[in-house]
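Chemist:
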Amino acid sequence: MTAFETISGVDDVESAVEAQLRMLLDSTAGTGIMHECVNAWNVNDWTRSWFGWANGLFGELSMEKHEVGKRLLGKAIRVRTPHIVFRK
């Protein structure tokens with residue numbers, strides 16, 4: 906959830922927002938869902954396989970950034986496996 910804070914106040918830097926969203930999705934070990942306490946050295950190692958609060962915040966943040974005109978939800982963001990595509 907700390908990664909959310911980095912981009913929650915960014916309104917003008919689309920590339921920074923996209924980089925943080927990609928970092929979050931790349932830490933899901935291909936599941937596309939947020940986990941609790943991801944090991945920075947091993948994305949397949951976490952303390953809880955499903956973290957609803959973090960998933961909700963990720964969805965809310967994605968929608969918020971779309972609403973301020975960042976066009977992020979129209980881009981395909983690749984998770985290692987499978988693909989997650991945000992659409993308008």
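Residue numbering for the sequence shown follows this note's numbering, beginning at 906 and increasing consecutively. Yeah, the Cβ is synthetic: ideal placement off N, Cα and C, and Gly gets one too.
1. Are the segment 936-949 and the segment 919-927 in contact at 8 Å, needing three or more beta carbon pairs?
2. Starting from the Cα of D931, find the closest Cα among E965, N949, L962 and give me that residue.
3. So who's on the other strand from E941, going by DSSP bridges?
4. Considering only DSSP beta bridges, list what N947 is partnered with.
5. Please check the pair M939 and A921, which I expect to be a contact at CB under 8 Å, by giving their CB distance rounded to whole angstroms.
Modeler: In short:
1. no
2. In terms of CA proximity to D931, N949 leads the group E965, N949, L962.
3. E941 pairs with R953.
4. N944
5. Not a contact, Cβ separation roughly 19 Å.
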